[in-house]
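What follows is a set of notes on a single structure, which appears directly below.
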Ligand code: P6P
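Residue numbers (the working numbering): 4 to 339.
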């Protein structure tokens, strides 16, 4: 099969969709260029002294690694001048990022986690960039309001991630299937390698940090016990696989089948509703998993139906193979 780039694929397969316009293509291109720049730095992190901590903390109170900061700066710098956005929101920034008036504005909104899992970079573990694209609701020309950004995940125009691992890959959906592209460094292009990804309906992997067992609710404990037991639909225990890097865990489960869980944790006030963020992590990954035939829930609600109340809202996340996620929902429905 002749190599197919992301933009060729977009134009070939998504032309019926309104976003196959020049502006959307420009937005994807700038995301791709940003990812290539970030990938280059991630891949040489062990060599150049950009490891270690900046001594600052981000809005989440987490120590900011230089790579986090670098990735955030690259994305903001490239996308603010692309002439396609009216606002951005980064997991590393407390508030909305306005587009400087010196640059032309568009009607898309980009929400991103610049380098998720970056605390793993010193262990040479795969990490990733996650992005979500919305279209503003308020009329063009006026100032963007928070309401333009706090939209339900089901409104997303597109969503995707880059995973910086043994190879650098991009997986995205614009609403018609989920598609994977692998960076060929010799030509500097992401080439189609996983067309129309479909996650197996029944998985064989469960991914969760079991050290929090004592702080989970009863439905979650029943769910994890179900996956560890031979008395499940598979007739044998699921394999436990947990990297501790969301994009790496999600990507593996997407391709092989399985469920990733980050439940609410009663011990830590800031994790009482889970650790992962709705806008920057759960909603974009939920769009991808549904495009691949899977499901994503907070235990009670479809992730894509959750009305965001604040920019950095956290949610419990159960995401992956349809039958496995349905099991979680069943335990929530039947456990008083
Ligand atoms: P824990 C990385 O810090 C991250 O945000 C996700 O990439 C990952 O899935 C999760 O946190 C791991 O959290 O509590 O298991 O270390």
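Note that beta-carbon positions come from the ideal geometry of N, C-alpha and C, so glycine has one too.
The structure presented is a predicted model; accordingly, all values stated were derived computationally and were not measured.
{"Asked": "Helix, strand or coil at residue 163 [DSSP, three-state]", "Found": "strand"}
{"Asked": "Cα-Cα separation between residue 124 and residue 187, rounded to whole angstroms", "Found": "22 Å"}
{"Asked": "CB-CB length for residue 165 against residue 210, believed under 8 Å", "Found": "That belief does not hold up - the Cβ atoms of residue 165 and residue 210 are roughly 20 Å apart, past 8 Å."}
{"Asked": "Residues that residue 131 bridges to, as DSSP identifies them", "Found": "119, 166"}
{"Asked": "Where residue 174 falls: helix, strand or coil (DSSP)", "Found": "strand"}
{"Asked": "Contact test: residue 168 Cβ vs the ligand P6P heavy atom, cutoff 7 Å", "Found": "no"}
{"Asked": "Beta-carbon spacing of residue 251, residue 126 below 8 Å", "Found": "no"}
{"Asked": "CB of residue 90 within 8 Å of CB of residue 112, strictly", "Found": "yes"}
{"Asked": "Given residue 280 as reference, the closest of 313, 219, 331 once Cα atoms are compared", "Found": "313"}
{"Asked": "CA-to-CA distance, residue 107 to residue 245, given in whole angstroms", "Found": "43 Å"}
{"Asked": "Simplified DSSP assignment, three categories, for residue 210", "Found": "strand"}
{"Asked": "heavy atom of the ligand P6P below 7 Å from residue 183 C-beta", "Found": "no"}
{"Asked": "Extent of the continuous alpha helix (DSSP H) to which residue 44 belongs", "Found": "25–46"}
{"Asked": "Inter-stretch contact at 8 Å, needing at least 3 Cβ pairs: the segment 28–45 / the segment 71–83", "Found": "yes"}
{"Asked": "Residue range of the beta strand (DSSP E) that includes residue 300", "Found": "298–300"}
{"Asked": "Residue burial classification, residue 15 (beta-carbon count within 10 angstroms, cutoff 16)", "Found": "exposed"}
{"Asked": "Span separating the alpha-carbon of residue 219 from that of residue 88", "Found": "40 Å"}
{"Asked": "Through-space distance from residue 105 to residue 198, alpha-carbon basis", "Found": "39 Å"}
{"Asked": "Distance, residue 133 Cα to residue 340 Cα", "Found": "A query on residue 340 cannot be resolved here, the shown segment of the chain reaching from 4 to 339 and no further."}
{"Asked": "From 130, 229, 150, residue whose alpha carbon lies closest to that of residue 169", "Found": "130"}
{"Asked": "Given residue 316 as reference, the closest of 325, 277, 327 once Cα atoms are compared", "Found": "277"}
{"Asked": "DSSP-derived helix/strand/coil call for residue 126", "Found": "helix"}
{"Asked": "Reference residue 289, options 40, 26, 202, closest by Cα", "Found": "202"}
{"Asked": "Residues near residue 151 by beta carbon distance below 8 Å, same chain, minus five either side", "Found": "89, 90, 112, 137, 139, 140, 141"}
{"Asked": "Identity of the residues DSSP links to residue 136 by a beta bridge", "Found": "113, 161"}
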